[in-house]
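Peer 1: Start counting the sequence shown at 17; every next residue gets the next number (our numbering).
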Amino acid sequence: DANRLLETLPTYKANFTTADYNHFIGEAYFARAMVFYAMTKRYGGVPLVKTVLKYPETPAAELEVPRSTEEESWNQVLADFDLAIANLQSTSPKRGYANKYVALSFKSEAMLFAGSVAKYNKITGFGDKTGVRVIGFDPTTSAAASKKYFKEAYNSAREVMKSGIYSLY
């Protein structure tokens, strides 16, 4: 649904104010980031579906999206949260909507988890079909990845604290 919104909303951009349009785009990236975060946290590398899969008109073989590496999956979570933060308003337009600081808070949580996996996880696994590392990080990149993710977590948390709108638990 997030991908569908990202693909079709630009067609209707003229129907919205710029602030509303950007916020809806931010909501879509936020939703996709949360889905990828939940899946990556549980399964490691996941299929990164970033477009609408057109079924049944597309042959089934073309709909198979292989699992990405765990690092690629965490990088997608980070990218989607960054796009959400860039587009969301500072305050929610309605109760129950996300906003910039909600996205920053969840980004901080996700990146803390990603940094911990990159630094401390010793379990590894490779995909049967692709042979890529779908569980765990490559030992040659894990140290740099953990530093990057921890820094992202820290910076996001600091921005939430400096805003004074929310406090972190």
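Cβ coordinates follow ideal geometry from the N, Cα and C atoms, glycine included.
Report the rounded CA-to-CA distance for residue 56 versus residue 108, giving the unit in angstroms.
Peer 2: The straight-line gap separating the alpha-carbon atoms of residue 56 and residue 108 is approximately 27 Å.
Peer 1: Could you spell out where the beta strand (DSSP E) holding residue 20 opens and where it closes?
Peer 2: First-last for residue 20: 18 to 24, but that is the alpha helix (DSSP H), not the beta strand (DSSP E).
Peer 1: What does a CB cutoff of less than 7 Å around residue 179 pick up in its chain, not counting 5 residues either side in sequence?
Peer 2: 117
Peer 1: Taking only the alpha-carbon atoms, compute the straight-line gap between residue 138 and residue 66 and give it to the nearest angstrom.
Peer 2: 29 Å
Peer 1: What do you get for residue 141, buried or exposed, if any count of 16 or more other CB atoms within 10 angstroms of its CB means buried?
Peer 2: exposed
Peer 1: Should residue 78 be labelled buried (16 or more other beta-carbon atoms within 10 Å of its own) or exposed?
Peer 2: exposed
Peer 1: Report yes or no: do the segment 86 to 94 and the segment 32 to 42 share at least 3 C-beta pairs separated by less than 8 Å?
Peer 2: No: the two stretches stay apart, fewer than three of their Cβ pairs being nearer than 8 Å.
Peer 1: Give me the Cβ distance between residue 148 and residue 74, rounded to the nearest whole Å; I'm assuming they're in contact under 8 Å.
Peer 2: With a Cβ gap of about 23 Å, residue 148 and residue 74 do not count as contacting.
Peer 1: Between residue 146 and the rest of its own chain, which residues show a CB-CB distance below 7 Å, the 5 nearest in sequence each way excluded?
Peer 2: 82, 83
Peer 1: Tell me which same chain residues have a C-beta within less than 6 Å of the C-beta of residue 126, skipping the five on either side of it?
Peer 2: 53, 93
Peer 1: Would the beta-carbon of residue 130 fall within 8 Å of that of residue 46?
Peer 2: no
Peer 1: So for residue 142, helix, strand or coil by DSSP?
Peer 2: Residue 142 falls in the strand class under three-state DSSP.
Peer 1: Using a Cβ-Cβ cutoff of less than 7 Å, which residues in the same chain neighbour residue 150 once the five nearest sequence positions on both sides are dropped?
Peer 2: Around residue 150: 60, 61, 83, 85, 86, 141, 142, 143.
Peer 1: Provide the residue span of the alpha helix (DSSP H) that contains residue 133, from first to last.
Peer 2: Here the alpha helix (DSSP H) through residue 133 covers 116 to 136.
Peer 1: Spell out the partners DSSP gives residue 151 in its beta bridges.
Peer 2: Beta-bridge pairing links residue 151 to 141.
Peer 1: What does the alpha-carbon distance come out to for the pair residue 89 and residue 64?
Peer 2: 7 Å
Peer 1: Where does residue 101 fall in DSSP's three states?
Peer 2: helix
Peer 1: Following the continuous alpha helix (DSSP H) through residue 41, name the residue where it begins and the one where it ends.
Peer 2: 34 to 59
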